[in-house]
């Protein structure tokens with residue numbers, strides 16, 4: 090007897106639905122309970138100067154405050170971001186409250202993650218492979234690389250890669266690496282060229298088309314060494330505790346021109 094042929098239509102439908110849900114749950118692009126953000130398109134360039142005071146930034150909705158990685162509570166010192174795009178660049182602006190801005194690294198590809206830093210992770214096709222990481226510290230030092238897959242899965246970080254045409258700038262309300270005073274915040278602007286992302290996803294559009302969706306995440310490390318405390322690692326879309334979890338990256342949708 091052919092068991093599958095003997096099934097009733099409703100049973101077959103239920104089986105097909107179950108199979109779809111199983112595969113969907115395994116695919117990063119269908120991950121549930123991640124953050125979503127709609128990126129507005131602009132027709133004017135942003136001056137990358139480390140300030141978020143330009144009128145154009147008012148067109149971007151701020152993300153929710155970042156949360157502590159692996160936990161649900163908000164950070165003790167708040168951080169959020171805004172995102173915009175045009176035909177050439179993906180623009181990301183960070184605002185980070187910080188009572189003690191701390192950074193000493195000044196050479197490209199130094200281990201910025203050991204001090205105060207903001208990070209973006211870009212996975213255009215959401216497959217968890219060939220995703221891009223860009224870090225910037227309060228001194229406007231850059232660490233850029235791409236990963237074949239997450240470290241925990243045996244991935245390799247290609248640190249010899251440089252994102253040509255990347256524009257970044259920072260500003261600090263306070264001082265850097267001076268524990269004798271109290272600071273307020275630091276800001277970072279990035280203009281990430283779409284032309285440098287094509288290698289990461291052959292099936293995607295660069296620049297994106299309206300309504301395209303990518304996987305994307307943003308992180309902020311707040312590390313205060315003068316107090317002897319490690320500080321906090323926070324992010325936009327919650328992870329289980331680390332940054333390299335592509336299935337937990339948020340989903341960004343490229344909206345049309347404002």
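In this note's numbering, the protein residues as written are 90 to 347. All residues carry an ideal CB built from backbone N, CA and C; glycine is no exception. These numbers were taken from a predicted model, which means no experiment stands behind them.
Taking one beta carbon from each stretch, the segment 174-184 and the segment 134-152 have 3 or more pairs nearer than 8 Å; the two touch. Inclusion of residue 192 and residue 309 in the CB contact set at 9 Å is not warranted, their separation being larger than that value. Taking all protein chains in view, the Cβ of residue 122 is surrounded by fewer than 16 other Cβ atoms within 10 Å, so the residue is classified as exposed. Excluding five sequence positions before and after residue 324, the CB atoms of its chain that fall closer than 8 Å to its own CB belong to 155, 156, 158, 306, 307, 308, 309 and 332, given in chain order. Its Cα nearest to that of residue 255, the residue 230 stands out among 230, 269, 274 and 220. Cβ atoms of residue 208 and residue 339 stay farther apart than 8 Å, at about 13 Å. In the same chain as residue 163, and ignoring 5 residues on each side of it, the C-beta atoms closer than 7 Å to its own belong to 154 and 156, in chain order.
Here residue 337 has 120, 123, 306, 326, 327, 328 and 329 as same chain residues with Cβ atoms under 8 Å from its own Cβ, once five neighbours each way along the sequence are excluded. Spatial neighbours of residue 186 in its own chain (CB-CB distance under 6 Å, excluding positions within 5 residues in sequence) are listed in chain order as 166, 167 and 274. The beta carbon of residue 237 sits closer than 7 Å to the beta carbons of 218, 219, 244 and 245 from its chain, once the five residues preceding and following it are set aside; these are given in chain order.
In this structure the segment 274-294 lies against the segment 129-149, because at least three pairs of beta carbons, one per stretch, are closer than 8 Å. When secondary structure is reduced to three states using DSSP, residue 161 falls in the coil class, being assigned neither helix nor strand. By a beta-carbon distance limit of 8 Å, residue 214 contacts residue 290. Their separation comes to about 4 Å. Out of 136, 201 and 272, the CA that lies nearest to the CA of residue 188 is found in 272. Restricting attention to beta strand (DSSP E) runs no shorter than 3 residues, the segment 298-341 encloses them at 302-313 and 318-324, ordered along the chain.
When C-alpha distances from residue 262 are compared across 211, 284, 190 and 240, the shortest belongs to 190.
If you look at residue 233, you'll find it in the beta strand (DSSP E) that goes 231-236. Here residue 320 is buried, its C-beta having at least 16 other C-beta atoms within 10 Å. Here residue 225 really is in contact with residue 257; their C-beta atoms are around 5 Å apart, less than 8 Å. Note on geometry: alpha-carbon atoms of residue 196 and residue 312 lie some 19 Å from one another.
By the Cβ-count criterion, residue 176 is exposed, with fewer than 16 other Cβ atoms from all chains shown falling within 10 Å of its own Cβ.
Residue 145 and residue 128 have their C-alpha atoms roughly 13 Å apart.
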